[in-house]
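Have a look at the structure below, then the notes.
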Amino acid sequence: MAAPVRGMIGSTSIGNTTSFQKKTRSKLVSIPGTRPSVQNGQLLVSSGVSSLDYVIGGGLAVGTLLLVEEDRYDSYSRMLLKYFLAEGVVCGHELFLASARDHPDDIMQELPSPIVDDVAGMKISEGQSQPSDPENPDTMKIAWRYQNQPKVQTALASSVRFGHYYDVSKTMEPELRQAAKCHSFYQLQETPVVTSKVRNVLRLGLHSLGSVLWGDDVCCKDNPAHCHALTTFLYILRGLLRTSLSVAMVTVPSHLTQNRAVMGRIIRLSDTAIALESFKGSEKETNPLYKDYHGLLHVRQLPRLNCLSCEVPDTKDLAFKLKRKQFTIERLHLPPDLSETVSRVSKTELAAGCGSTATGNKHLDF
Amino acid sequence: MLLDVMQAGGGFILLEDSVQCSARGLLRCFIHAALKRGEDVHVLGFESPETQVCAGLDSSSVQRLHFHKGFPDPLGWTCRSSFTVERFTSQHITQLIKDTQHAQASVLVVDSLSMVLRHHDPVVFCQTLQELRNGGVIKTIIGLLHSDLHQQGIVGIVCHLAGTVISVAPADNERLSVAKTTRRTKSGKVMQEEEYFSVSEDAALSVQAKPRQPGHVQRERDVSEADPTSNLTFNLRLSEDERKAKEKVALPFVFSQQKKSALLRPTPGSGRIVYEPDANDDFDEEDPDDDLDV
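What follows is the structure, given as structure tokens:
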């Protein structure tokens with residue numbers, strides 16, 4: 001059955017997205033910054049990065065836990081956490097931030113400022129159709145029928161605007177930040193948490209859970225004694241999230257854990273799990289294939305919430321790049337191999353064989 | 001970058017070495033640089049004697065250097081040392097630093113962290129370092145760690161905690177050693193550099209940039225290909241006149257601009273089939289399956 005198209009911008013040519021919008025009934029909760037998912041009707045919240053929302057199936061479902069495996073120097077996972085919190089501030093959600101290493105106030109002060117005008121959103125629809133122009137050097141002379149076909153879309157974007165864009169070089173205005181209610185928990189000081197009565201989404205950010213500063217020895221020993229405590233905590237946290245209107249984002253320094261089974265358990269205990277691998281400091285930095293990107297993104301797990309299957313991105317090779325105004329996640333595609341030696345080798349081997357003129361070393365034994 | 005780190009200081013600097021190449025000379029350079037900046041340096045010496053550290057310092061610098069003797073008795077078995085390994089806790093160290101008068105920016109140097117890690121739980125050790133860093137009394141912590149004495153996990157967590165990690169390794173040239181510096185700024189930016197360095201008798205550090213490896217140069221040579229139109233028996237190049245004539249050739253299926261843009265406009269119904277029945281065609285409206293007796 002054809003899905004009705006309801007006049008949204010840039011309809012069907014980008015990826016597998018649909019511009020289908022479910023008819024909303026009044027009994028759905030209408031909280032600012034959320035929207036229902038088209039796949040399974042769950043209430044979704046943006047993670048702050050629109051390409052990440054696309055990869056994990058539209059956004060983060062309220063009541064779930066997003067696990068981010070940190071990159072080696074914790075630069076990009078920290079950036080993702082800041083995007084998550086900044087999105088909460090802009091949408092008016094309540095925030096809770098717990099951190100052991102840096103003071104939560106320091107992290108809150110570094111939140112990127114939102115871009116107010118629609119610059120980044122318009123670019124997606126602009127790149128689509130360009131009228132053919134004789135003065136335009138891109139006009140094709142012989143293959144002009146392909147003029148208006150879109151080029152390979154490497155950037156992942158959905159047709160519906162959900163979420164905001166942020167400018168990384170500027171920090172958020174203090175007035176905007178203070179407008180959001182934020183609770184924090186710092187390992188060295190404990191402050192009591194105050195509950196409120198207004199129905200709103202609570203965003204929890206836990207930075208570097210499982211690292212040594214939280215008191216866990218998961219990162220330094222092969223048989224950690226605190227593994228059970230960590231997994232119990234995640235289990236109970238997920239139970240608490242399910243019964244409330246909250247979303248949690250937890251970053252874990254997985255490159256430090258010595259026991260792979262521990263990471264496997266932690267991934268199973270969370271709903272959505274992604275891993276960031278940054279090229280800095282590894283030999284992949286000099287690989288010409290990766291020169292445009294800052295790292296690879298691996299999707300480890302996607303949740304199946306109230307449905308039988310989940311929306312999987314069509315490719316598993318995803319790479320990310322942090323630009324000033326956008327954190328983009330793109331499909332990693334190989335350019336065509338134009339070198340001369342590609343297909344020569346196989347032909348010569350096929351030619352030698354049962355020919356009567358074949359002499360020398362190649363004798364066939366029967 | 002090594003010289004910048006030495007001059008600037010600040011944060012937790014980790015010097016990582018192994019049995020093949022020792023970083024103690026580099027540690028001495030760091031101490032001397034901090035003293036020259038006018039900072040108070042507290043050295044917890046568990047592995048080297050005071051004379052080795054103080055050699056070559058003038059009297060004003062020696063006043064600002066406070067050496068807490070741990071060597072040769074770091075565990076306090078013969079009660080000859082003023083600071084034992086067990087006393088490595090944040091309260092004791094903060095007290096030690098507050099006891100010195102007119103302390104401005106204090107630098108804590110631990111020689112070495114390996115000795116402390118052998119006798120303390122790694123989790124408690126890291127928490128102690130974090131408390132010292134955030135305490136406000138100490139500006140810089142410089143620690144020496146022997147990476148081959150510990151498990152990889154423990155070395156990993158200490159490196160993760162540090163703001164700057166400098167690993168030394170022997171180089172092919174015997175006089176020089178290689179230092180790989182990784183520096184992490186507060187904003188998350190990471191800078192890395194590899195340099196040759198050597199330390200002289202009077203703790204002067206000389207740094208040389210590492211030359212690019214020959215492997216890199218070879219790869220660049222492969223990338224720039226030879227021009228395929230040269231060295232041929234026939235001519236593949238075009239002169240200017242020939243190029244202009246080539247562009248003037250009228251290609252087949254070249255339409256005028258209006259027809260092109262008309263064809264390029266997206267039509268609503270693509271894929272319509274228009275059929276005009278021929279004279280020989282004969283349309284029978286009956287269904288041929290009606291004859292069947294099934």
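Sequences listed follow chains A and B, in order. Just so we're aligned, residue 1 is where the first sequence starts under UniProt numbering, counting upward by one. Just so we're aligned, residue 1 is where the second sequence starts under UniProt numbering, counting upward by one. From the three backbone atoms N, C-alpha and C, an ideal C-beta is built for every residue, glycine too.
Neighbour-count burial assignment, residue i, 16 or more Cβ in a 10 Å radius
| i | result |
| --- | --- |
| residue 155 of chain B | buried |
| residue 287 of chain B | exposed |
| residue 228 of chain B | exposed |
| residue 239 of chain A | exposed |
| residue 135 of chain A | Residue placement at residue 135 of chain A cannot be trusted, given a pLDDT of 42 that sits under 50; the coordinates are not used to answer. |
| residue 302 of chain B | Absent from the model: residue 302 of chain B. The displayed extent of chain B is 1 to 294, so no value can be given. |
| residue 324 of chain A | exposed |
| residue 252 of chain B | exposed |
| residue 26 of chain B | buried |
| residue 287 of chain A | exposed |
| residue 42 of chain A | buried |
| residue 40 of chain A | buried |
| residue 248 of chain B | exposed |
| residue 152 of chain B | exposed |
| residue 41 of chain B | buried |
| residue 132 of chain B | buried |
| residue 249 of chain A | buried |
| residue 334 of chain A | exposed |
| residue 234 of chain B | exposed |
| residue 289 of chain A | exposed |
| residue 69 of chain A | buried |
| residue 285 of chain B | exposed |
| residue 309 of chain A | exposed |
| residue 297 of chain A | buried |
Proximity of residue i and residue j at Cβ, strictly below 7 Å
| i | j | result |
| --- | --- | --- |
| residue 46 of chain B | residue 70 of chain B | yes |
| residue 54 of chain B | residue 205 of chain B | no |
| residue 44 of chain A | residue 63 of chain A | no |
| residue 167 of chain A | residue 113 of chain A | yes |
| residue 276 of chain A | residue 105 of chain A | no |
| residue 227 of chain A | residue 262 of chain A | yes |
| residue 174 of chain A | residue 92 of chain A | no |
| residue 85 of chain A | residue 281 of chain A | no |
| residue 172 of chain A | residue 209 of chain A | no |
| residue 95 of chain A | residue 247 of chain A | no |
| residue 207 of chain B | residue 3 of chain B | yes |
| residue 374 of chain A | residue 83 of chain A | A question about residue 374 of chain A goes unanswered here, because the residues of chain A that appear run from 1 up to 366. |
| residue 116 of chain A | residue 180 of chain A | no |
| residue 51 of chain A | residue 315 of chain A | no |
| residue 12 of chain B | residue 43 of chain B | no |
| residue 188 of chain B | residue 75 of chain A | yes |
| residue 100 of chain B | residue 135 of chain B | no |
| residue 23 of chain B | residue 14 of chain B | no |
| residue 9 of chain B | residue 128 of chain B | no |
Residue(s) in a DSSP beta bridge with residue i
| i | result |
| --- | --- |
| residue 165 of chain B | B:14, B:182 |
| residue 110 of chain B | B:44, B:143 |
| residue 114 of chain A | A:166 |
| residue 251 of chain A | A:68 |
| residue 206 of chain A | A:98, A:250 |
| residue 69 of chain B | B:45 |
| residue 32 of chain B | According to DSSP, which records beta bridges pairwise, residue 32 of chain B is partnered with nothing at all. |
| residue 303 of chain A | BP columns for residue 303 of chain A are empty, so no partner. |
| residue 51 of chain B | Its beta-bridge partners do not exist; DSSP assigns none. |
Chain C residues whose Cβ lies nearer than 8 Å to that of residue i
| i | result |
| --- | --- |
| residue 251 of chain B | This model lacks chain C altogether, as its protein chains are A and B. |
Task: Contacting positions in the region 236 to 255 of chain A - beta carbon closer than 9 Å to chain B - done: 253, 255
- [ ] Would you check if there are 3 or more beta carbon pairs closer than 8 Å linking the region 31 to 48 of chain B to the region 158 to 175 of chain B?
- [x] no
TODO: Could you tell me whether the region 211 to 221 of chain A touches the region 255 to 273 of chain A, using the rule of 3 or more Cβ pairs below 8 Å?
DONE: yes
TODO: Can you give me, in chain order, the residues of the region 151 to 166 of chain B that have a beta carbon less than 8 Å from any beta carbon in chain A?
DONE: 151, 152, 153, 154, 156, 157, 160, 161
Open item on the list: Check whether the region 264 to 272 of chain A and the region 300 to 312 of chain A are in contact - that is, three or more C-beta pairs closer than 8 Å.
Closed with: yes
Open item on the list: For the region 189 to 203 of chain B, list every residue whose C-beta sits within 8 Å of some C-beta in chain A, in sequence order.
Closed with: 189, 190, 192
TODO: Quick one: which residues of the region 210 to 222 of chain A get their C-beta closer than 8 Å to a C-beta of chain B? List them in chain order.
DONE: 211, 212, 213, 215, 216, 217, 219, 220, 221, 222
TODO: Return the residues of the region 98 to 127 of chain B that lie within a Cβ-Cβ distance of less than 7 Å from chain A, sorted by chain order.
DONE: 122, 123, 126, 127
Task: Proximal residues, the region 308 to 323 of chain A versus chain B, C-beta separation under 8 Å - done: none
Task: Given 8 Å, three or more beta-carbon pairs between the region 10 to 23 of chain B and the region 78 to 97 of chain B - done: no
Task: Cβ-based contacts, 9 Å cut-off: residues of the region 66 to 87 of chain A near chain B - done: 72, 73, 74, 75, 76, 78, 79
Open item on the list: Does the structure place the region 138 to 150 of chain B close enough to the region 113 to 129 of chain B that three or more beta carbon pairs sit under 8 Å?
Closed with: yes
- [ ] Compile a chain-ordered list of the residues in the region 12 to 43 of chain B whose CB is closer than 7 Å to at least one CB of chain A.
- [x] none
Open item on the list: Please list, in chain order, the residues of the region 255 to 288 of chain A that have any C-beta partner in chain B closer than 7 Å.
Closed with: 256, 258, 280, 281
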